[in-house]
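**Student:**
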Amino acid sequence: MIEFKNVTKKFDDFTALDNVSFKIEKGTAYGLLGSNGAGKSTILRLLSGIYIQDSGEVTIDGKKVYDNVDIKKQVFFINDETIQFSSFTLKSLKDYYKGFYPNFSEEVFEDLRKKINLPLEKKTGDFSKGMKRQAIVIIGLACRTEYLLMDEAFDGLDPTMRIIIKQMLIDAMLDRKLTTIISSHNLKEINEVCDTACLIHHGKLVFSRDLDSLKGNIHKVQLVFPPDSNGMARVYTKQQLEESGLEILHYEQRQSVCYVIAKGDTDTIKTAFASKTPIVMDIIPLTLEEIFIYELEVLGYDSSEINK
Amino acid sequence: MTAVKSISKPKLFKNPFIMARIKTNITTNRKLATVICILHAIGFPLVMALGVYTEYYYQKYKDNDYHTHYPDTEILMVAGVIAGILALLAGFVVAMNIFRYQYKKSCVDMNLSLPLSSTQRFFTDYLTGLGIYLIPALVAWVIGDLIGLIGIGLHLEDMKDTLSIINQCGVCVVLAMILFYTLTVFCITCCGSIFEAIASSVLINGIIPLFLLVFGFCICNSNPYGVMDDVIMLEQIYFTSPFGCAMFVFQIADNGTTNMPYFWSWLISIIIYIALIVALTYFLYKKRKAESVSKPYVYRMLYYALTSAMLFIIIYAISLSGDDFIGAIFVGAIIYFLFEVITKRGFKKFHYSVFRFIGTVVSIFIIVAVSDISNGFGIYKYVPNPAGVAQVSMREYGSMTKSFNEIVDYGSNMYSDRNIIRTVTEIQKSYIDQYEHPEKYEDYEIIDVSENTDNNTINFNNDIELEIRYYMKNGNIVSRRYDILYEDFYKITSAIYTSDEFADYAEDIIRECYSHYSYPLRNITFSESKTETQYDIQINKSSLEELITAYQTDLKNMTAEDYCSKQIIGYIGNGLEIRENFENTIAFIKENRPDFNTDGDNFKLSSFENATVCVYQNVIPIDNIINYNNSSEYRRISERYILMSDRYTGAGKKPFSIGTNTVDADLEKLINVSKNVYDSTETGGMIIINNYAYYIPKEYKELADKVYKKLFGNTVYYYDEDGDEYYINEYGANVYTGYSKDKYIGETALQSYYD
Amino acid sequence: MFTIDLTSRTPIYEQIYFKIIELVIKGSLKENDQIPSVRNLAKDTGVNPNTVAKAYQELERNGIIYSLTGRGSFIAKIDNSLIKEFILSDFDSSVRKAITNGADSYELKERIDRISDDIKGEKYND
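Residue numbers (this note's numbering), protein chains in the order written: chain A, 1 to 308; chain B, 309 to 1063; chain C, 1064 to 1189.
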């Protein structure tokens, strides 16, 4: 299990991570979400032992990561830049990593390589950008580490490759409890691949939660209340609606319809509004994007800031 | 300190990660490694081969007229040397390649995410790089040595010595290479971007030696008492930078193997120095953060150190060559701000740069001021502990005439006798003491004799500029130069002459006389003092031993007082003194040449064709007030006159010429009673014959007066139309004094006489 | 058999859960029929296996499926009342909505009969 406890990381005056705490269980596919510069890459680099935190603890299975060979050999980091050793062939690149990761599997490597048709003896510097990404991803998978960190790793992969990689990940997750941590600002991707995610914004953790329970716990509700004595649909203020105990992230009243984003599952919401006897109550789940927008809004951030 | 160790602690080479790292370092750099190997192959081995071949060719084909034929291998030789030099410089490239992840951002993730602790990574990278750099050089060295052995096999002249010097130089070169590489790694660790890494690594090699040099000048220019070296920091320069090491290599190549203590001390110093740099670099490396890459400087101290040192060099060097502080500061400012702008990538916070510049310049001035005030940071106070001194040597600095026995050029003789060393250090201490506390010595008056024009008086130098060199047990060499009184000087020389060590030297000298000077006849020449008559005595093997034993016994029996008082009645060879109380030696001489006059009173005017004589009734020491600013400002005046016969500095007023027909019993007697070794507090006279000065004791004052009057008393001086001074002596000769109305005392007097 | 709409607002595990139930109700899956393994379903749909696993766990908890180690997961004995309740809960919310919006119960009953006749008629015509 990965644990971040009150981790703060600053780069000169810029605070990349501010008192961030979360846990990642083994065997999960964990998504790191946030805008550019939010702190996602920093988290990954702290986990791969490249950076050291200013305060707090970064541990895997209870042991600190930084400068710890035993922990680092279980972690493979795929960064968001194309590979460095452009004069290396794929073979020599594989050999480079093979020496450092004892669990490396030639079969896995060969299997993947053949599937996507990467040449062994060509210089990786001559690969296309997509091929370069693919190369490092298959090496990372072939290393069969317990933790695989991917920084914007799915970018630059074509759909075929994506499917292949996903299937590999699925097998690995089931077979050896691989824990993947993927950072992306592509919500769709995270939605597909990950089961848990966290949102980092300006270095702060907005939430870290199982995606399904995230979705299940927040709904868009459209309400029309019965008319009052004047024949106009009744209107309740946000505070009044919150009296029922619901947390309301967003409230909008347009003519007779009340649009509300509320936290809670369907039943809770139904029960909460029942006392107000709405004549129309549509409870709709939100997309991931919508969830994030509204969560951030609550925290006072301008939603336009998390544009991709 | 280090990370959690894994459960089974693998040994270094069984650690798979370290092995993987070594392997990757080598594979990544295989092209560079190949180039280095090739350069080394055509470097030193080629040069050696050419050297051996040339020497062999020369020895085989030289003809009896020693016309030399050399094979035409110059171009190859030059190529070989260049290849060798390039191979040496490759250390910079190796370090830059191995530690690329310190300044190239795209390499950071790949290298730092690997399962290696920073300790493992540092040492593996450092040592792998060093191996790539050094191992080909070592192989080339061995090959070169093998070629040299072939040369020995071919009986080439001096091959063994040359080879041993080459090997000694080889050790120095290897250490210089390690230092060069280590300094580069250090600079790379302090920097975060490629330009700064290169600039710092290149500059540091020049700045360290230059700074030490200029700092040494600064100390020297503060006139530290007794410290005369132009390059004070030389020993430090030798081991602190590769350039210094190169200078040291040339030193060794020049001086051969006579400098072993020097060598060991250098070796220890440089090893400790390298170890310290490695330790510091490791510490900085470990502390370094991955995100620092791409900053110009990760550790700005290096930048500050380099620029401050550079500023110091520029300002001091420019102002040394002229008193142009302003110009120096101006030039320094240009260069300083240029670096600031480059390093800061622009003009942001420029005011900080200005403050720093001003601060640095002020500090430089403060340092120079402190140096001046303390006369070189008190370096002059240092007197070595006699226990730490291995040997000491001395010589009279820069003098035309020897103040001591000609044959004993004791500049090249090194004495390890404890008494000698102790005497020298005591005297050094006393002079430093008088320099620091001149009030203790104020009882003495300074006699200003510069206006003395009395014919009766001779002024002579009361002091000698003595250069002392201590060869310390740890290999350091400490040199000092002081003006010391002859009184004190003779304490040293008497310690030397009464030491057993000198007795051993004397033996060597006598043997050399026997083997060298008397070829082909086995004679040793003995000369009488005063008359300068020479007597050859034929020596065979057994009489040689006899003579040596006799002389050594006499020497060892001589006491310090004897040394200052017993007359020299003759010399063995060119200058080994025979004193009047050297019974055994005298007996030896008398056995072989009974005509040898051992009483020192054999002087006969008739035995000289020509001589010059000067008589002075008063002997006054000159207080040398010149040269105060660089050796001593305070001076004791000696009350004692200790004279050795050849301590005559050539000034002569009005020498009297003796022609072939001159006969004068008084003059002869005066010469015979005067002493060539004199130690007294009383003023007497002096008589100078053919540049040898002899002291006329007070009791012979009447005789001296009489002779003086005879020679010079009725002298009439006149000037001819050129203004030259002449006189007519009692014997009727017209004597040109060598003076004209404007001339002054100098060697010209005698010189012109001999013309 | 399975299409998961990854862009839908409905949580994926919910989709899987209800999809299985739908198939059971429709009759496509009968008692003791094997459903795809977590692995295969995840791979086929491109869905996170943990999510699939969660859906299966929920199904198992509610007695819809049962698992045999090493063999796979199978449809359990279908409890008709549960299915009925499941289908009818939708009916209930529709009725509630209609009544709230002004329809009366008599109108609704009429419609039920009409629809029922139509379906019977279709069955008769086949």
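All C-beta atoms, glycine included, are put in the ideal place defined by N, C-alpha and C. These figures come from a predicted structure and were not determined experimentally.
From the DSSP output, in three-state form, read off B/TYR1052 for me.
**Tutor:** With a pLDDT of only 40 at B/TYR1052, under the threshold of 50, the placement of this residue in the model should not be trusted; the figure read from the coordinates follows. Coil at B/TYR1052, not helix or strand.
**Student:** Just tell me which of A/ILE279, A/THR28, A/ALA272 and A/LYS204 has its CA closest to the CA of A/LEU228.
**Tutor:** What sits at residue 228 of chain A in the sequence shown is Asp, not Leu. Considering only alpha carbons, the answer is A/ILE279.
**Student:** Considering Cα atoms alone, identify which of C/PHE1154, C/PHE1081, C/LYS1093 and C/ASP1096 is closest to C/LYS1117.
**Tutor:** C/PHE1081
**Student:** Are the beta-carbon atoms of B/VAL416 and A/ILE50 separated by less than 8 Å?
**Tutor:** yes
**Student:** When you compare the CB positions of B/ILE817 and B/VAL700, do they come within less than 8 Å of one another, or not?
**Tutor:** no
**Student:** Kindly indicate which three-state DSSP category B/THR651 falls into: helix, strand or coil?
**Tutor:** helix
**Student:** Alpha carbon to alpha carbon, how far is B/ASN889 from B/THR906? Give it in angstroms, no decimals.
**Tutor:** 10 Å
**Student:** Name the DSSP beta bridge partners of A/SER201, please?
**Tutor:** In the sequence on display, residue 201 of chain A carries His and not Ser. According to DSSP, which records beta bridges pairwise, A/HIS201 is partnered with A/LYS204.
**Student:** Given the structure, does B/LEU619 come close to the ligand SAM, in the sense that its CB is under 7 Å from one of the ligand's heavy atoms?
**Tutor:** No copy of the ligand SAM appears in this structure; indeed no ligand is present at all.
**Student:** Kindly indicate which residue of A/THR266, A/LEU214 and A/ILE200 has the alpha-carbon position closest to the one of A/SER184.
**Tutor:** A/ILE200
**Student:** DSSP has B/GLY993 in a bridge; who is on the other side?
**Tutor:** B/ILE1004
**Student:** Among the candidates B/ARG819, B/ALA625, B/VAL482 and B/PRO532, whose CA atom is the shortest distance from the CA of B/LEU520?
**Tutor:** B/ALA625
**Student:** Counting Cβ pairs closer than 8 Å, one from the stretch 524-533 of chain B and one from the stretch 672-680 of chain B, do we hit at least three?
**Tutor:** yes
**Student:** For B/VAL416, return the contacting residues in chain A, with the cut-off set at a CB-CB distance below 8 Å.
**Tutor:** ILE50
**Student:** Compute the beta-carbon to beta-carbon distance between A/ARG144 and A/ASN103, rounded to the nearest angstrom, for a pair I have assumed lies under 8 Å.
**Tutor:** 4 Å
**Student:** Determine, using beta carbons only, whether B/GLU599 comes closer than 8 Å to chain A.
**Tutor:** Yes, because at least one Cβ of chain A sits closer than 8 Å to the Cβ of B/GLU599.
**Student:** Looking at the C-beta of A/SER213, does it have a partner C-beta in chain B at a distance below 8 Å?
**Tutor:** no
**Student:** Name the chain B residues that come within less than 8 Å of A/SER92, Cβ to Cβ?
**Tutor:** Annotation: Cβ neighbours of A/SER92 in chain B (cutoff 8 Å, chain order): THR335.
**Student:** Looking at the C-beta of A/GLN167, does it have a partner C-beta in chain C at a distance below 8 Å?
**Tutor:** yes
**Student:** If we define contact as Cβ-Cβ less than 8 Å, is A/PHE11 a contact residue for chain B?
**Tutor:** yes
**Student:** Between B/ILE897, B/GLU795, B/ILE729 and B/PHE810, which has its C-alpha nearest B/ILE832's C-alpha?
**Tutor:** Looking at the Cα atoms, B/ILE897 is the closest of the given residues.
**Student:** Counting only Cβ pairs nearer than 7 Å, list the residues of chain B close to A/ASN79.
**Tutor:** ASP417
**Student:** If we define contact as Cβ-Cβ less than 8 Å, is C/THR1132 a contact residue for chain A?
**Tutor:** no
**Student:** Tell me which residues of the stretch 1087-1118 of chain C have at least one Cβ-Cβ distance to chain A shorter than 8 Å, keeping chain order.
**Tutor:** VAL1101, ARG1102, ALA1105, LYS1106, GLY1109, VAL1110, ASN1111, PRO1112, ASN1113, THR1114 and LYS1117
**Student:** Quick one: residues in its chain with C-beta nearer than 7 Å to the C-beta of A/GLY125, no 5 flanking neighbours on either side, listed in chain order?
**Tutor:** SER86 and SER87
**Student:** Could you tell me the distance, in whole angstroms, from the CA atom of B/ALA391 to the CA atom of A/ALA16?
**Tutor:** As the crow flies, the alpha-carbon of B/ALA391 is around 51 Å from that of A/ALA16.
**Student:** Where do the N-terminal and C-terminal ends of the beta strand (DSSP E) with A/CYS258 fall, by residue?
**Tutor:** 257-263
**Student:** For the stretch 177-206 of chain A, list every residue whose C-beta sits within 9 Å of some C-beta in chain C, in sequence order.
**Tutor:** LYS188, ASN191, GLU192, VAL193, CYS194, ASP195 and THR196
**Student:** Under the three-state reduction of DSSP, which class applies to B/ARG887: helix, strand or coil?
**Tutor:** In the structure shown, B/ARG887 falls within a strand segment according to DSSP collapsed to helix, strand and coil.
**Student:** At a Cβ threshold of 8 Å, is C/ARG1159 touching chain A?
**Tutor:** no
**Student:** Starting from C/ASP1107, follow the alpha helix (DSSP H) in both directions and report where the run begins and ends.
**Tutor:** 1101-1108
**Student:** Could you check what DSSP says for B/GLN367 in three-state terms: helix, strand or coil?
**Tutor:** helix
**Student:** Leaving out five residues on either side along the sequence, give the residues of the same chain with a beta carbon under 7 Å from the beta carbon of B/ASP862.
**Tutor:** PHE890, GLU891, ASN892 and THR893
**Student:** Rounded to whole angstroms, how far is the Cβ of C/ILE1141 from the Cβ of C/ILE1128, which I believe are closer than 8 Å?
**Tutor:** So it is not a contact: roughly 10 Å between Cβ atoms.
**Student:** DSSP three-state call for B/TYR926: helix, strand or coil?
**Tutor:** Here the sequence assigns Asn to residue 926 of chain B, which means Tyr is not the residue at that position. The answer is strand: DSSP assigns B/ASN926 an E or B state.
**Student:** If the cut is a Cβ gap below 7 Å, which residues of chain C does A/THR287 touch?
**Tutor:** ARG1072
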